[in-house]
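See below for the structure under consideration.
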Amino acid sequence: MAAITLKGSVTNTCGDLPPVGRAAPDFVLVNGKLSDVNLASYTGKRKLLNIVPSLDTSTCAISTRKFNKKAALLKNTVVLVISADLPFAQVRFCQTEGIKNIVPLSTMRSGKFAEDYGVLIVDGRLRGLTCRAVVVMAENDVVMYTQLVSEIADEPDYDKALAALA
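In the working numbering, the protein residues as written are 9 to 174.
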């Protein structure tokens with residue numbers, strides 16, 4: 009369990025991010041076509057997971073826009089933005105914002121991803137959503153970098169996440 013804050017109020021997650029150097033847990037998430045996807049859906053690619061509570065918040069929207077811009081420059085890398093938003097809302101957000109370089113994925117069918125990655129918020133006003141975190145994986149799904157953003161309203165450290173892919 010990790011303690012994080014939401015505008016200064018302490019809240020907790022269900023666990024810890026996957027450890028660097030170990031294989032990431034597999035997952036089943038839902039894409040914009042309502043199809044299930046997992047790690048094997050991105051075999052052979054490096055993966056940057058931008059985990060956010062909801063694209064319908066300013067900080068989540070900002071981080072998605074910034075990673076979208078940077079993703080266009082990354083070779084053999086897929087940027088997955090993961091939230092509890094319905095796929096319809098995620099697709100609409102990306103279309104409205106002109107976002108084409110990331111893949112939005114939803115936790116709508118299962119909380120297992122949030123539990124396995126230690127990002128499920130277990131108390132407070134955002135209970136049931138994911139916290140803000142970044143996980144970077146190599147082509148073989150080994151975790152190369154993680155960041156649990158300690159204040160939900162803050163943006164992740166883009167430079168460190170992208171440096172892990174250099």
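Idealized CB from N, CA, C, for every residue including glycine.
Would you give the residue range spanned by the beta strand (DSSP E) that S91 belongs to? Looking up residue 91 in the sequence shown gives position 83. Counting along the chain, the beta strand (DSSP E) containing S91 begins and ends at 85-91.
For D149, which residues of its own chain have a beta-carbon under 7 Å away from its beta-carbon, when the five flanking residues on both sides are left out? Taking the sequence shown and counting its residues from 1, one reaches residue 149 at position 141. Only A31, A32, L47 meet the Cβ criterion.
Name the residue from D165, K77, A172 whose alpha carbon lies nearest to the alpha carbon of M152. Indexing the sequence shown from 1 puts residue 152 at position 144. It is A172 whose Cα lies nearest to the Cα of M152.
What residue does the alpha helix (DSSP H) around N58 start on, and which one ends it? Within the sequence shown, numbered from 1, the residue matching residue 58 stands at position 50. Taken as a continuous stretch (DSSP letters only), N58 belongs to no alpha helix (DSSP H), being part of the beta strand (DSSP E) at 54-59.
What three-state label does DSSP hand A161 in the structure shown? Stepping through the sequence shown from its first residue, residue 161 is reached at position 153. In the structure shown, A161 sits in coil (DSSP, three-state: anything other than H, G, I, E or B).
For S114, count neighbouring C-beta atoms within 10 Å of its own C-beta (all shown protein chains included) and say buried if the count is 16 or more, exposed if not. Taking the sequence shown and counting its residues from 1, one reaches residue 114 at position 106. Burial call: buried.
Relative to the C-alpha of S62, which residue among C139, D24, V36 is closest? By one-based count along the sequence shown, residue 62 stands at place 54. Minimum Cα distance to S62 is reached at C139.
If you compare alpha carbons, which of L56, M9, Y166, C22 is closest to G119? Position 111 of the sequence shown holds residue 119. Nearest option by C-alpha distance: C22.
Under 9 Å between the Cβ atoms of T51 and I129? Translated into the one-based positions of the sequence shown, residue 51 becomes position 43. Translated into the one-based positions of the sequence shown, residue 129 becomes position 121. Contact flag unset, no.
With H, G and I counted as helix, E and B as strand and the rest as coil, what does DSSP make of I107? As a position in the sequence shown, residue 107 is number 99, starting the count at 1. Here I107 sits in coil by DSSP.
May I ask you to report which of helix, strand or coil DSSP gives S17? The residue given as residue 17 occupies position 9 in the sequence shown. DSSP places S17 in strand when its eight states are reduced to three.
What does the alpha-carbon distance come out to for the pair E105 and R73? Indexing the sequence shown from 1 puts residue 105 at position 97. Indexing the sequence shown from 1 puts residue 73 at position 65. One C-alpha to the other measures close to 8 Å.
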